Amino acid sequence: MVKIDDIFSYEDNIYEVEAYNKKAKVYWCTPISIAEDGRKFTGDSNNGINLSKKEIKVRVKQFKKELKKIKKNAKRSQD
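Here my numbering = 1-based position in the sequence shown + 26.
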């Protein structure tokens with residue numbers, strides 16, 4: 027299930043799901059940046075993209091796997 031505020035990567039950018047268009051059956055996603063402390067900064071919404079539910083689900087799942095790897099490697103480097 028895709029939720030508003032889901033985060034994923036797409037073509038070297040990070041996007042956040044902002045809204046759902048029922049008529050077109052697509053989600054509006056805007057670019058964001060994430061600071062090292064975890065804060066999110068929304069980019070220009072004019073540079074947003076429309077993606078289907080299926081596309082977003084795959085990308086969100088992949089992004090979560092990538093984050094786990096990054097966190098795991100960061101923890102190892104601290105030890």
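Glycine is no exception: its CB is placed at the ideal position from the N, C-alpha and C atoms. Computed from a prediction, not measured in an experiment: that's the story for all the values here.
When you compare the CB positions of residue i and residue j, do they come within less than 7 Å of one another, or not?
{"i": "E42", "j": "I60", "result": "no"}
{"i": "K120", "j": "V28", "result": "With the chain represented from 27 up to 105, any question about residue 120 goes unanswered, as that position is not in the structure."}
{"i": "T56", "j": "S71", "result": "yes"}
{"i": "Y46", "j": "I82", "result": "no"}
How would you label residue i, buried or exposed, when you count the other beta carbons within 10 angstroms and need 16 or more for buried?
{"i": "L93", "result": "exposed"}
{"i": "V84", "result": "exposed"}
{"i": "D32", "result": "buried"}
From this set, the options, which residue's C-alpha is nearest residue i's C-alpha?
{"i": "N39", "options": "K87, E81, N73 and K98", "result": "N73"}
{"i": "K48", "options": "G64, V86 and L77", "result": "L77"}
{"i": "A100", "options": "E44, E62 and I75", "result": "E62"}
{"i": "G69", "options": "S103, K97, K98 and E44", "result": "E44"}
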